[in-house]
Amino acid sequence: MNPPDVNVTVEGGVADVQVNKPGVTVEVRDYDVDGVDDDQLWTDENGDRCVRYLVTHDVETPSDQQKAVEQSNTP
């Protein structure tokens, strides 16, 4: 079996995304938004509110240096 391009681990409702291949971008949408400030929420294509962020791996860097990037409220 080939190693995966992306590993996603969910524990206690928190997703940890590890991108292992350069050029791959993963969009994560978290719909468990109780207690999240409205200015941090994004509206998806169905009109549902969520926290949206992208995880990417554009260059060869150790996985412990990868960072999630917060996205704006606009689709």
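Just so we're aligned, residue 3 is where the sequence shown starts under our numbering, counting upward by one. The beta-carbon is built from N, C-alpha and C at its ideal position, and this holds for glycine as well. Here the structure is a predicted model, which means the values were calculated and not measured.
As assigned by DSSP and simplified to three states, the class of residue i
i	result
Asp36	coil
Asp18	strand
Limits of the unbroken beta strand (DSSP E) element including residue i
i	result
Leu56	51–59
Asn48	Asn48 -> no beta strand (DSSP E), and no H or E assigned at all.
Asn4	Segment: none, Asn4 is in no beta strand (DSSP E) and carries neither H nor E.
Same chain, Cβ closer than 7 angstroms to residue i, five either side skipped, listed in chain order
i	result
Gly15	Asp34
Cut-off 8 angstroms between Cβ atoms - residues of its own chain near residue i, not counting five sequence neighbours on either side
i	result
Ala17	Val10, Thr11, Val30, Asp32
Assess, as a yes-or-no matter, whether the segment 46–57 is touched by the segment 21–34 under the definition of 3 or more beta carbon pairs within less than 8 angstroms.
Verdict: yes, contact present.
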